[in-house]
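A.B. asks: In full-length UniProt numbering, the protein residues as written are 1 to 264.
1. Pick helix, strand or coil for residue 16, following the three-state DSSP scheme.
2. So is residue 104 buried or exposed if we call it buried at 16+ other beta carbons inside 10 Å?
3. Along the chain, where does the beta strand (DSSP E) containing residue 182 start, and where does it finish?
4. In whole angstroms, give me the CA-to-CA distance for residue 167 and residue 46.
5. Helix, strand or coil: how does DSSP classify residue 155 here?
6. Can you name, in chain order, every residue of its own chain whose Cβ lies under 6 Å from the Cβ of residue 189, other than the five neighbours on each side?
7. Which residues in the same chain have their Cβ closer than 6 Å to the Cβ of residue 165, if we skip the five residues on either side of it in sequence?
8. Output the distance between the C-alpha atoms of residue 144 and residue 84, rounded to the nearest integer angstrom.
9. In angstroms, rounded to a whole number, what distance separates the CA positions of residue 98 and residue 234?
10. State the Cα-Cα distance for the pair residue 102 and residue 130, rounded to the nearest angstrom.
11. Three-state secondary structure (DSSP) at residue 250?
12. Determine which residues share a DSSP beta bridge with residue 78 and list them.
13. Can you tell me which residues form a DSSP beta bridge with residue 130?
14. Taking contact to mean at least 3 C-beta pairs separated by less than 8 Å, is the stretch 55-64 in contact with the stretch 28-37?
15. First and last residue of the beta strand (DSSP E) that includes residue 259?
16. Which word fits residue 147, buried or exposed, when buried means at least 16 other C-beta atoms lie within 10 angstroms of its C-beta?
17. If you drop the 5 nearest sequence neighbours on each side, which residues of the same chain put their C-beta closer than 7 Å to that of residue 223?
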């Protein structure tokens, strides 16, 4: 069984500057990805002000339903709620979504965060999918990472295939080692690490081994921060790439990651 998956922070379907609607172009881009399962963050379930101001460019459907269209099912985890609307994480799947649950992992009143857990009936197995968007502060991310580990261990059977994807805001890469150790996951770019060069040689001499780093995804026009990740268990990673550049910079401030997986 092979899966093509995407993680993408869509910036609420508006441009980074001026908050101009980008949701229709986003839908075209998402359709072109031809992904089986998409892990989306900053999805606008409702925004009355944008709907009023951009009546001809703002879909009547919630963004998760609009982006899913007729080809995918969707699940939505509402996290941030305000007078004129709300936003959160979403999962789009071309396979049946058997169940979904949104777990509140907000660490303080200024940031609303959640883990959207969905069980997807893929052709050969039930896959446990977790859509995540962690906080901006290191202490919050550490506690939310612990909550993620607890959520996976309490909801996914031992040995079940899992995919954890989203915006981790972990630009210093402090969380990956704990996820690998305690959940038995790997990040989709782990196998793309260059193991040659003087820096690697010095690390090996000191006993530290190869430095493992995720891909750079932010800002989309010229990524230099490592914010977005895909962790998997029970899959072989056949390919992984970041889509970035001028075209993608018009759609969101984050670049999407696309990975092709094969069930082990």
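For each residue, glycine too, the CB sits at the ideal point set by N, CA and C.
Values in this document were obtained by computation on a predicted structure and should not be read as measured data.
C.D. replies: Reading it off the structure:
1. As a first step, residue 16 is located in the chain shown; it is residue number 16 there, counting from the start. The answer is coil: DSSP assigns residue 16 none of H, G, I, E or B.
2. What you label residue 104 is simply residue 104 of the chain shown in a count that begins at 1. Here residue 104 is exposed, its C-beta having fewer than 16 other C-beta atoms within 10 Å.
3. Residue mapping note: residue 182 aligns to position 182 of the chain shown, counting from 1. From DSSP, residue 182 is part of no beta strand (DSSP E) but of the alpha helix (DSSP H) over 176-183.
4. Sequence index remark: in the chain shown, residue 167 carries index 167 (1-based). Sequence index remark: in the chain shown, residue 46 carries index 46 (1-based). Rounded to whole angstroms, residue 167 to residue 46 spans 21 Å at the Cα level.
5. Position 155 of the chain shown, counting from 1, holds the residue named residue 155. The answer is helix: DSSP assigns residue 155 an H, G or I state.
6. The residue labelled residue 189 in the question sits at position 189 within the chain shown. Sequence-distant partners of residue 189 (beyond 5 residues in either direction) whose C-beta falls short of 6 Å from its own C-beta, in its chain, are 214, 215, 240.
7. Stepping through the chain shown from its first residue, residue 165 is reached at position 165. Closer than 6 Å at the Cβ level, and outside the excluded window around residue 165, lie 7, 39, 230.
8. Taking the chain shown and counting its residues from 1, the one referred to as residue 144 is at position 144. Taking the chain shown and counting its residues from 1, the one referred to as residue 84 is at position 84. Rounded to whole angstroms, the separation of the alpha carbons of residue 84 and residue 144 is 27 Å.
9. Along the chain shown, one-based indexing puts residue 98 at 98. Along the chain shown, one-based indexing puts residue 234 at 234. Pairing residue 98 with residue 234, the inter-Cα distance amounts to about 19 Å.
10. Looking up residue 102 in the chain shown gives position 102. Looking up residue 130 in the chain shown gives position 130. Residue 102 and residue 130 have their alpha carbons spaced roughly 10 Å apart.
11. Translated into positions along the chain shown, residue 250 becomes position 250. In the three-state reduction of the DSSP assignment, residue 250 falls in the coil class.
12. For the purposes of this step, residue 78 is taken as residue 78 along the chain shown, with counting starting at 1. 88.
13. Locating residue 130 in the chain shown gives position 130, counting from the first residue. Paired residue(s): 117, 164.
14. In the pairwise beta carbon analysis, the stretch 55-64 is classified as not touching the stretch 28-37: fewer than three pairs are separated by under 8 Å.
15. In the chain shown, residue 259 corresponds to position 259, counting from 1. Counting along the chain, residue 259 sits inside the beta strand (DSSP E) bounded by residues 257-263.
16. Residue numbering aside, residue 147 sits at position 147 when the chain shown is read from its first letter. A residue is called buried when at least 16 other Cβ atoms come within 10 angstroms of its Cβ; residue 147 meets this threshold and is buried.
17. Numbered from its first residue, the chain shown carries residue 223 at position 223. Excluding sequence neighbours, residue 223 sits near 216, 217, 242, 244, 255.
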